[in-house]
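*Asks:* Residue numbers (our numbering), protein chains in the order written: chain Z, 1 to 524; chain L, 1001 to 1524.
A virtual CB, placed ideally from N, CA and C, is assigned to each residue, including glycine.
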């Protein structure tokens, strides 16, 4: 099959630029999603049944759509609630992690921590479709905030600076250096004389350079990086410029990582969150399928043969063991858990299930007595980044401007930092989050702290990890084996997608899995 | 007085970088605002009175604070409503412009056009303070949207592209070119060997270059510019990269202007808007001072002498002429109107009043039957920019995801484009906005259009222009003359500030003006 890109390249070579743009318009712009609308799966054979394992979003979507298609659907869920990693912790909730530590969450009414997903890109069309269909109200999630701080132990004497200051200085210096290189004829092989003039004009305007193509302390650069005294009113209204940082510090701060982060397709504006916490989505899905769910059901064995699928499960309260049977099975259990369940799946699929490690991640919610980041620092939503283990603190996007407490995300750690935090007690994690987060708000952070909660995903009993981490090699060897229908069983979840660690991946995987399973069932 | 910047520069020279950052922390970061909290103006002399001319935000804030300080305050307002340029047009409203054309606004319930201010920067602390004090609910205004389109007649064959595509390509090419220049030793005078290595690493990561420092079609660059086929789930989950644009087109598109725009201090995230339209702010201010306002009062003469201030005004309905007297006067009338009012202000102040031209600007609201920009183009808030007269279209930041109609901003023209649109009838303006805006949404724009409204500020009877446009020369010659207290009279408004054309400028100007007037009154 000729891909759109191959076609466009061919058109470009044959017809030149004008033809290329003509074709672009005819064909539409770069695609934003693989979602093609809710599936049409009508016409299930009478009496055909499906067992769905796991009531995360992938499992519940499979159950919802297969049930609509005419299948008899039943869901087995290990926990006493639906939603899986789509989950919010509220005041009054209790959570016990692997290792036995139990936290009683003490957040004020209306405040929460989202331990798992917490933001929704505008191009995650499957999720947005079902949010609307199932009545989940969404509000903007402020992702990009020029006022957030960046902190790197190796730059600026270890002091945090505003994103705007460092980013403006990075752009200004890059523009000045490239302008200098152009003047020194270093790029004459690449650029015509007209190109050079136009590019220099662009660099001057983008980088806030002066007429001599220099990036300096003046009211021009201050428009981007901020002022020592901002413009005001009346007699003392005139602004005073600020002093750019030394470029060596700007580069050492790795501000470019933050700049690139905000340009990542999945991080680009506009982003959203459900009103009231991410867990509202899991609850809305659960309302659609609640009569199908058996809770507290720990799956211990998955067996398929010519007659059908038999799943053995134990009631987590009573310990009593039951067998459930069906014609087909959608297994939406995370791979690390599934890998420990006895099954007779094909060897290549078993290898795939075992091959994909899960990332760790630690999130910590900290309730502060007042929203000092708004009143004192003028930060509304967005993040402050640090080279410390907590990686960032993120400011809440709800109850803006309100008096009273606010819950901020005090850590979103991954990699080695996450393992260090996961190795601590919940109390030690809070202490570490307070110690490290204080770098951004030194006078207030500890003073205003009231109560906190943490989730270390390596210690979550029902996933034992955060989400699947594929690499180029495992994709090549195992991905197609993992996703293909194995007789009567198909896997679904973010692990069976290229949108790993996102709810959208779970949903797109689920739609693809059930479409193929339905086709196989009709052909049986 | 040594400025903070001078001090920091001195510290930097003496103590080196570490001392500089130490000082930064001690003194706090670059300042975000000149607002120092609500003023404390208590202790007015018993019976002292102030006439405030104009009930825009500057006038109403002056009245509110002077009244609290103990002055007897009265406001004269030309229109039959308070708020001035803080104004929203709703369905059912009628508006007659200079020239006589009358528009009856037909927007659906709950939708509006903000002819004047429409977005609030997070560092406009004065405005945010009084919004909270007066009970104005705010919601996020999505300013920066990577999914918005950019259109320039001179690039991409005249077709719009997504901001993300052009911005990613600009950054990628700039990074590649600078990397090349570094390798060609063009910058060896500026950069040490270690600097070069670190900068190349930064350019690679920021510009999404490959290991050979090239910006190419691959999954790395696609992470920023988007995909031909984005990542998905199941069998066909693997993404396909998109093809970067020719750099010559990217530069010709002037995407760098948009990139620089979003880095402007006043355009940086987070921005806000009042729930229900910008006019909610004017209404909230008006609730505080409503008993003081005389509406339909056209000021025709301002006279001051040793005894006090006498203001002559005509009732715009009956034509009857009245004189009002007071001890002092805060004049918040726009300069173009004030310049036509007989007065005995000092000659230098008269010159200043006459010296500052007002910008024009045209805004057009277009109601569409459905929010196709969201459902079809995945654009939630933000802007699409064009080199045509309309300059941009902006997508509404309220009622997101809803079915039913939406009102978008179909033009925010300035300069020559604004004069061309202002010269048209309201019907012709709508037609021009539809014709030009269709470049972004060719299949749907005209088809979904229902009703529109426009405001050309050069034709607004009570301002005859949008806002004051100072330049370096007029600032030097006239600014201090304009703002200084002239015996019993002081001017207030955005024109008397360095935050021109923003509500914050009007408020900061007002606070500064009344503080000085109060001081003068106590010294009298």
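Counting along the chain, where does the alpha helix (DSSP H) carrying residue 36 (chain Z) start and finish?
*Replies:* Mapped onto the first chain, residue 36 (chain Z) falls at position 36. Run containing residue 36 (chain Z): none; DSSP gives neither H nor E here.
*Asks:* Counting only the same chain and skipping the five closest in sequence on each side, list residues whose C-beta sits under 6 Å from that of residue 1025 (chain L).
*Replies:* One-based indexing of the second chain puts residue 1025 (chain L) at position 25. Note on residue 1025 (chain L): pLDDT 42, under 50, position unreliable in the model; the coordinate value appears next. Same-chain partners within the cutoff: there are none.
*Asks:* Find the nearest neighbour of residue 1373 (chain L) within the set L:1357, L:1400 and L:1355, judged by alpha-carbon distance.
*Replies:* Residue 1373 (chain L) sits at position 373 when you count from the first residue of the second chain. With distances taken between Cα atoms, residue 1373 (chain L) lies closest to L:1400.
*Asks:* Runs of 3 residues minimum, wholly inside the region 1284-1343 of chain L: which ones carry the beta strand (DSSP E) assignment?
*Replies:* 1297-1305, 1308-1315, 1321-1326 and 1328-1331, all fully within the region 1284-1343 of chain L.
*Asks:* If the criterion is Cβ atoms closer than 8 Å, does the pair residue 1084 (chain L) and residue 1336 (chain L) meet it?
*Replies:* Mapped onto the second chain, residue 1084 (chain L) falls at position 84. Mapped onto the second chain, residue 1336 (chain L) falls at position 336. No. Outside cutoff.
*Asks:* To which residues of the same chain is residue 1168 (chain L) closer than 6 Å at the C-beta, ignoring the five residues directly before and after it?
*Replies:* Taking the second chain and counting its residues from 1, the one referred to as residue 1168 (chain L) is at position 168. So the qualifying residues of the chain are 1224 and 1225.
*Asks:* With a threshold of 8 Å between beta carbons, is residue 1288 (chain L) in contact with chain Z?
*Replies:* Working through the second chain from its first residue, we reach residue 1288 (chain L) at position 288. Not an interface residue.
*Asks:* Is residue 525 (chain Z) helix, strand or coil by DSSP?
*Replies:* Here chain Z covers residues 1 to 524 and nothing more, so residue 525 (chain Z) does not appear.
*Asks:* Spatial neighbours of residue 1153 (chain L) within its chain, please: CB distance less than 8 Å, with the 5 preceding and 5 following residues excluded, ordered by chain position.
*Replies:* Locating residue 1153 (chain L) in the second chain gives position 153, where the first residue counts as 1. Excluding positions up to five away in sequence, the list reads 1387 and 1388.
*Asks:* Give the residues of chain L in contact with residue 365 (chain Z), contact being defined as C-beta atoms less than 7 Å apart.
*Replies:* Here the question's residue 365 (chain Z) lines up with position 365 in the first chain. Residues of chain L passing the Cβ test: none, with the nearest at roughly 21 Å.
*Asks:* Give, in chain order, every unbroken run of the beta strand (DSSP E) that is at least 3 residues long and sits entirely within the region 115-149 of chain Z.
*Replies:* Complete beta strand (DSSP E) runs here, min 3: 138-141.
*Asks:* My output table needs one value for residue 246 (chain Z): the three-state DSSP class, helix, strand or coil.
*Replies:* Counting from 1 along the first chain, the entry for residue 246 (chain Z) is found at position 246. Coil.
*Asks:* Is the separation between the beta-carbon of residue 1186 (chain L) and that of residue 181 (chain Z) shorter than 8 Å?
*Replies:* If you number the second chain from 1, residue 1186 (chain L) lands on position 186. If you number the first chain from 1, residue 181 (chain Z) lands on position 181. Result yes, Cβ atoms of residue 1186 (chain L) and residue 181 (chain Z) sit closer than 8 Å.
*Asks:* Going along chain L in order, which residues have a C-beta closer than 7 Å to the C-beta of residue 396 (chain Z)?
*Replies:* Position 396 of the first chain, counted from the start, is the residue given in the question as residue 396 (chain Z). The contacting residues do not exist; residue 396 (chain Z) stays about 12 Å from chain L at best.
*Asks:* Kindly list, in the order they appear in chain Z, the residues whose Cβ is closer than 7 Å to that of residue 1195 (chain L).
*Replies:* Within the second chain, the letter at position 195 stands for residue 1195 (chain L). Within 7 Å Cβ-Cβ: 248.
*Asks:* Kindly indicate which residue of L:1501, L:1041 and L:1485 has the alpha-carbon position closest to the one of residue 1469 (chain L).
*Replies:* Translated into the one-based positions of the second chain, residue 1469 (chain L) becomes position 469. When only C-alpha atoms are compared, the closest one is L:1501.
*Asks:* Tell me the residue span of the beta strand (DSSP E) that contains residue 1193 (chain L).
*Replies:* Start at 1 with the first residue of the second chain, and residue 1193 (chain L) comes out as number 193. It is not in any beta strand (DSSP E) - residue 1193 (chain L) instead sits in the alpha helix (DSSP H) that spans 1193-1207.
*Asks:* In the region 371-448 of chain Z, which residue ranges form an unbroken alpha helix (DSSP H) of at least 4 residues, counting only runs that do not cross its ends?
*Replies:* Qualifying alpha helix (DSSP H) stretches, in chain order: 372-375, 415-422, 426-437 and 445-448.
*Asks:* Per DSSP, residue 486 (chain Z) forms a beta bridge with which residues?
*Replies:* By one-based count along the first chain, residue 486 (chain Z) stands at place 486. Residue 486 (chain Z) is bridged to Z:489.
*Asks:* In this structure, does DSSP put residue 1061 (chain L) in helix, strand or coil?
*Replies:* Residue 1061 (chain L) sits at position 61 when you count from the first residue of the second chain. Here residue 1061 (chain L) sits in helix by DSSP.
*Asks:* Using a 10 Å radius around the Cβ and a threshold of 16 neighbouring Cβ atoms, would you call residue 1463 (chain L) buried or exposed?
*Replies:* Within the second chain, numbered from 1, the residue matching residue 1463 (chain L) stands at position 463. So residue 1463 (chain L) ends up on the buried side.
*Asks:* Could you tell me which residues DSSP pairs with residue 1241 (chain L) in its beta bridges?
*Replies:* As a working note, residue 1241 (chain L) is residue 241 in the second chain. Partner(s): L:1227.
*Asks:* Tell me which residues of the region 1223-1236 of chain L have at least one Cβ-Cβ distance to chain Z shorter than 9 Å, keeping chain order.
*Replies:* Answer in chain order: 1223, 1224, 1225, 1226, 1227, 1228, 1229, 1230, 1231, 1232, 1233, 1234, 1235 and 1236.
*Asks:* Roughly how many angstroms separate the alpha carbons of residue 484 (chain Z) and residue 498 (chain Z), rounded to a whole number?
*Replies:* Here residue 484 (chain Z) refers to the residue found at position 484 when the first chain is read from its first residue. Here residue 498 (chain Z) refers to the residue found at position 498 when the first chain is read from its first residue. Cα to Cα, residue 484 (chain Z) sits roughly 14 Å from residue 498 (chain Z).
*Asks:* Any idea what DSSP makes of residue 1221 (chain L), helix, strand or coil?
*Replies:* In the second chain, residue 1221 (chain L) corresponds to position 221, counting from 1. In the structure shown, residue 1221 (chain L) sits in a helix (DSSP, three-state: H, G or I).
*Asks:* How should residue 1228 (chain L) be labelled, buried or exposed, when 16 other C-beta atoms within 10 angstroms of its C-beta is the threshold for buried?
*Replies:* The residue given as residue 1228 (chain L) occupies position 228 in the second chain. That one is buried.
*Asks:* Against chain Z, does residue 1529 (chain L) count as a neighbour if the rule is that its beta carbon must be under 8 Å from one of theirs?
*Replies:* It is not possible to answer for residue 1529 (chain L), since the shown part of chain L is limited to 1001 through 1524.
*Asks:* Could you give the distance in angstroms between the alpha-carbon of residue 158 (chain Z) and the alpha-carbon of residue 253 (chain Z)?
*Replies:* The residue given as residue 158 (chain Z) occupies position 158 in the first chain. The residue given as residue 253 (chain Z) occupies position 253 in the first chain. Computed Cα separation, rounded: 9 Å.
*Asks:* Determine, for residue 31 (chain Z), whether the minimum Cβ-Cβ distance to residues of chain L falls below 8 Å.
*Replies:* By 1-based counting over the first chain, the position of residue 31 (chain Z) is 31. Chain L, which has a Cβ nearer than 8 Å to the Cβ of residue 31 (chain Z), makes this yes.
*Asks:* Residue 1215 (chain L): which of L:1238, L:1247 and L:1237 sits nearest, CA to CA?
*Replies:* Translated into positions along the second chain, residue 1215 (chain L) becomes position 215. The residue with the shortest Cα to Cα distance from residue 1215 (chain L) is L:1247.
*Asks:* Determine the DSSP secondary structure at residue 102 (chain Z), reduced to helix, strand or coil.
*Replies:* Your numbering for residue 102 (chain Z) matches position 102 in the first chain. Three-state DSSP puts residue 102 (chain Z) in a strand.
*Asks:* For the beta strand (DSSP E) that contains residue 363 (chain Z), what are its first and last residues?
*Replies:* Against the first chain, residue 363 (chain Z) aligns to sequence position 363. It spans 362-368 - the beta strand (DSSP E) in which residue 363 (chain Z) sits, taken as one unbroken run.
*Asks:* Ignore the nearest five residues each way along the sequence and tell me which others in residue 298 (chain Z)'s own chain have a CB closer than 7 Å to its CB.
*Replies:* For the purposes of this step, residue 298 (chain Z) is taken as residue 298 along the first chain, with counting starting at 1. Result list for residue 298 (chain Z): 78, 313, 314 and 316, in chain order.
*Asks:* Assuming residue 452 (chain Z) contacts residue 382 (chain Z) (C-beta within less than 8 Å), just tell me the rounded distance between them.
*Replies:* Here residue 452 (chain Z) refers to the residue found at position 452 of the first chain. Here residue 382 (chain Z) refers to the residue found at position 382 of the first chain. Not confirmed; about 20 Å, so no contact.
*Asks:* Between residue 258 (chain Z) and residue 163 (chain Z), how many whole angstroms is the CB-CB distance? I'm expecting something under 8 Å.
*Replies:* Counting from 1 along the first chain, the entry for residue 258 (chain Z) is found at position 258. Counting from 1 along the first chain, the entry for residue 163 (chain Z) is found at position 163. Confirmed, about 6 Å.
*Asks:* Take the Cβ of residue 1028 (chain L) as the centre, count every other Cβ of all protein chains shown within 10 Å, and call the residue buried at 16 or more, exposed below.
*Replies:* In the second chain, counting from the first residue as 1, residue 1028 (chain L) sits at position 28. Summary for residue 1028 (chain L): the model assigns pLDDT 43, below 50, so the residue's position carries little reliability; its value from the coordinates is reported in the next sentence. Label assigned to residue 1028 (chain L): exposed.
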